[in-house]
Amino acid sequence: MNGVQVSTTVNGDVEEFVCHPGETLLEVLRNRLGLTGAKEGCGTGDCGACSVIVDGQLVCSCLVLGAEVEGRKVATVEGLADGNRLHPLQDKFLEHAALQCGICTPGFLVAAKALLDDNPDPTEEEIRYALAGNLCRCTGYDKIVRAVDAAAAELRKSSKKKASGRKK
Amino acid sequence: MRYEAPSSSKEAAKLLASAKGKAVVLAGGTDLLVRMKSGAVEPDLIVDIKRIGATQEIKKSGNGFKIGAGVSGARLGKHRALKKAWPGVVEATNLIGSDQIQGRCTMAGNLCNASPAADSVPAMVAANAKANVVGPGGRRTVAVEKIPTGPGKTSLKKGEIIESITLPAKAPRSGDAYLRFIPRTEMDIAVVSAGVNLTLDSKGVVKKARVALGAVAPTVLLVEDAAKAIVGTKLDDDALAALAAACEAACRPIDDMRGTIEFRTEVAGVLARRAALTAYERAGGKK
Ligand SMILES: Cc1cc2nc3c(=O)[nH]c(=O)nc-3n(C[C@H](O)[C@H](O)[C@H](O)COP(=O)(O)OP(=O)(O)OC[C@H]3O[C@@H](n4cnc5c(N)ncnc54)[C@H](O)[C@@H]3O)c2cc1C
Ligand code: FES
Ligand code: FES
Numbered sequence: 231m232n233g234v235q236v237s238t239t240v241n242g243d244v245e246e247f248v249c250h251p252g253e254t255l256l257e258v259l260r261n262r263l264g265l266t267g268a269k270e271g272c273g274t275g276d277c278g279a280c281s282v283i284v285d286g287q288l289v290c291s292c293l294v295l296g297a298e299v300e301g302r303k304v305a306t307v308e309g310l311a312d313g314n315r316l317h318p319l320q321d322k323f324l325e326h327a328a329l330q331c332g333i334c335t336p337g338f339l340v341a342a343k344a345l346l347d348d349n350p351d352p353t354e355e356e357i358r359y360a361l362a363g364n365l366c367r368c369t370g371y372d373k374i375v376r377a378v379d380a381a382a383a384e385l386r387k388s389s390k391k392k393a394s395g396r397k398k
Numbered sequence: 676m677r678y679e680a681p682s683s684s685k686e687a688a689k690l691l692a693s694a695k696g697k698a699v700v701l702a703g704g705t706d707l708l709v710r711m712k713s714g715a716v717e718p719d720l721i722v723d724i725k726r727i728g729a730t731q732e733i734k735k736s737g738n739g740f741k742i743g744a745g746v747s748g749a750r751l752g753k754h755r756a757l758k759k760a761w762p763g764v765v766e767a768t769n770l771i772g773s774d775q776i777q778g779r780c781t782m783a784g785n786l787c788n789a790s791p792a793a794d795s796v797p798a799m800v801a802a803n804a805k806a807n808v809v810g811p812g813g814r815r816t817v818a819v820e821k822i823p824t825g826p827g828k829t830s831l832k833k834g835e836i837i838e839s840i841t842l843p844a845k846a847p848r849s850g851d852a853y854l855r856f857i858p859r860t861e862m863d864i865a866v867v868s869a870g871v872n873l874t875l876d877s878k879g880v881v882k883k884a885r886v887a888l889g890a891v892a893p894t895v896l897l898v899e900d901a902a903k904a905i906v907g908t909k910l911d912d913d914a915l916a917a918l919a920a921a922c923e924a925a926c927r928p929i930d931d932m933r934g935t936i937e938f939r940t941e942v943a944g945v946l947a948r949r950a951a952l953t954a955y956e957r958a959g960g961k962k
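Here the protein sequences line up with chains A and B, keeping their order. For the first sequence, the working numbering assigns the number 398 to the last residue and increments by one with no breaks. For the second sequence, the working numbering assigns the number 962 to the last residue and increments by one with no breaks.
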């Protein structure tokens, strides 16, 4: 094969790998970098289980080539928690029982993170549209939507606290 | 298989033209990677055009907007001036897929994939958009409707890429709109679609019109008779009926699980009529 040498940043760490020209970012993350959070549900862009953020943009990693991320910044579900402290989205998914089998969960968490980074106070309709690219065969979506709404409220509270802390 | 990410369109054209075996252009990959996965296409060379500077820009000038072939739907949707000038084109492009797909999909990719149901294409055709093509023989500019020649087929020659798409400067008192019919609100392929672009005179009479239909023929159709039916009118009921009839007459759809020939034909008229009313309102016309 004509291997492609790639240097990129994943969750803040520099990663170097050689991949096949046709290999997807999803395959690279799972098989070469040992990051198995992103899942392959369909491999065709329909289910969102493979969602990651590349240069601030939510994408399906099954529809990105590993070779394309040279010099980019990739964020995966593994980078969501701060050490042992879960991200508010993860906390709220647990609290609201927003998962059953859990295979869709990493994708939902990453898509929800992308939404809240862009829009800290989404309406229910906005949450549902933003998560339309993520499929879940277990929960019926309602608990996921509520968990995202609760996490958004939590994040707004803590960013307010931080802002007023800075003023003093 | 080889992967190349050249930094100029000239270089990309050279790579594609001199390739032995199957060479493909990669923009957002939301069609190409799906087709590679299924084995429908097995390229020997993949030329990623997103590292070419000109494919990443949205440039505004007296001639309108030049939109690079690597600009994603998500970026298009955040461009205020573009949204204000061509709301129909931006809305049509933003209908493509989910947020994940929006992060990658491009207008030029939508056009070159040459699906009769491609969402941004009727809107681009109605807007009189031009494709700026670079090939081994130099540059040429082509009307967008001349690019697809049938499902999955384009008029681009070996080695040619679309570097950018130009939307003309918005004329005073003009407006555009795009509508599609799908059985749900997200994540589906258009069963029928319509794009309309109107320019009015100072009295609110339609002076110029372009009407395009999607998913009712092997390629997106520019329906000149539909435009003729409304030029010189204020979109009164008779004019709208004539518009719908002209659209129905132009339809050559297929029967499939998404819709019958009869359904597609009727809905084409309905959507064209509704899109025309929205375009009229956006152009400042009052009913
Ligand atoms: C889950 C999902 C949902 C989707 N929903 C929709 C939808 O609602 N509506 C819709 O219309 N489409 C939809 N699509 C299809 C696809 O996303 C669009 O057609 C998209 O616009 C393709 O753009 P791209 O940049 O990803 O193209 P790519 O996949 O990169 O390319 C598509 C084709 O065009 C060629 N090409 C690309 N750019 C150029 C260029 N600049 N010059 C020459 N050739 C080029 C490629 O070689 C390839 O053959 C969907 C796809 C998925 C996976
Ligand atoms: S695995 Fe990528 S969208 Fe389903
Ligand atoms: S929890 Fe099982 S698919 Fe979502």
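All C-beta atoms in this analysis are idealised placements derived from N, C-alpha and C, irrespective of residue type, glycine included.
Asked, Found
"So, helix, strand or coil for leucine 361(A), using DSSP?", "coil"
"If you measure between the beta carbons of alanine 917(B) and alanine 902(B), is that distance less than 7 Å?", "no"
"Taking only heavy atoms of ligand 2 into account, decide whether any of them is closer than 6 Å to the Cβ of alanine 279(A).", "yes"
"Beta-carbon of lysine 398(A) versus every beta-carbon of chain B: anything under 7 Å?", "For lysine 398(A), the pLDDT reaches just 47, beneath the cut-off of 50, and the residue's location in the model is therefore unreliable, although a value from the coordinates is still provided. False, the Cβ-Cβ gap to chain B never drops below 7 Å."
"For serine 281(A), return the contacting residues in chain B, with the cut-off set at a CB-CB distance below 7 Å.", "Gln775"
"Leaving out five residues before and five after leucine 385(A) in sequence, what residues of the same chain have Cβ atoms less than 8 Å from its Cβ?", "Pro318, Leu346 and Pro350"
"Shortest alpha-carbon distance to cysteine 787(B) belongs to which of Val817(B), Val867(B), Lys961(B) and Val906(B)?", "Val817(B)"
"Just checking: is the beta-carbon of tyrosine 678(B) within a distance shorter than 7 Å of some beta-carbon in chain A?", "yes"
"Take alanine 950(B) and list the residues in its own chain whose beta-carbon comes closer than 6 Å to its own, dropping the five residues that flank it on each side.", "Ala852, Leu854, Ala869 and Val871"
"Report yes if the C-beta of arginine 315(A) is less than 6 Å from at least one heavy atom of ligand 3; otherwise report no.", "no"
"Have a look at Thr705(B), Ile724(B) and Met862(B) and flag the residue whose alpha-carbon is nearest the alpha-carbon of alanine 698(B).", "Ile724(B)"
"Heavy atom of ligand 3 less than 6 Å from the Cβ of glutamine 330(A), yes or no?", "yes"
"For a cutoff of 7 Å on Cβ pairs, would you count cysteine 249(A) as touching chain B?", "no"
"Is the CB of asparagine 232(A) under 7 Å away from at least one CB in chain B?", "yes"
"With 7 Å as the threshold, decide whether the Cβ of glycine 728(B) is near any Cβ in chain A.", "no"
"Answer yes or no: do serine 744(B) and serine 839(B) have a C-beta to C-beta separation smaller than 7 Å?", "Just to set this straight, residue 744(B) is alanine in the shown sequence, not serine. Their beta carbons are under 7 Å apart, which means alanine 744(B) touches serine 839(B) by this criterion."
"DSSP state of lysine 398(A), grouped into three classes?", "Bear in mind that a pLDDT of 47 at lysine 398(A), under 50, signals an unreliable position, so the number given afterwards is only what the model happens to contain. The answer is coil: DSSP assigns lysine 398(A) none of H, G, I, E or B."
"With 7 Å as the threshold, decide whether the Cβ of threonine 274(A) is near any Cβ in chain B.", "yes"
"Under the assumption that alanine 947(B) contacts cysteine 926(B) (Cβ atoms under 8 Å), give the Cβ distance between them as a whole number of angstroms.", "Incorrect: roughly 10 Å between the Cβ atoms, too far for contact."
"Can you list the residues of chain A that methionine 862(B) reaches, using a CB-CB cut of under 8 Å?", "Asp276, Ala362 and Gly363"
"Using a Cβ cut-off of 9 Å, pull out every chain B residue sitting near threonine 335(A), in sequence order please.", "Neighbours of threonine 335(A) on chain B: none; closest Cβ ~16 Å, over 9 Å."
"Looking at the C-beta of valine 700(B), does it have a partner C-beta in chain A at a distance below 7 Å?", "no"
"Taking the C-alpha atoms as reference points, what is the distance between glycine 313(A) and phenylalanine 856(B)?", "47 Å"
"Ligand 5 and cysteine 290(A): does any heavy atom of the ligand fall closer than 6 Å to the residue's C-beta?", "For the structure depicted, ligand 5 is absent and the ligand set comprises only ligand 1, ligand 2 and ligand 3."
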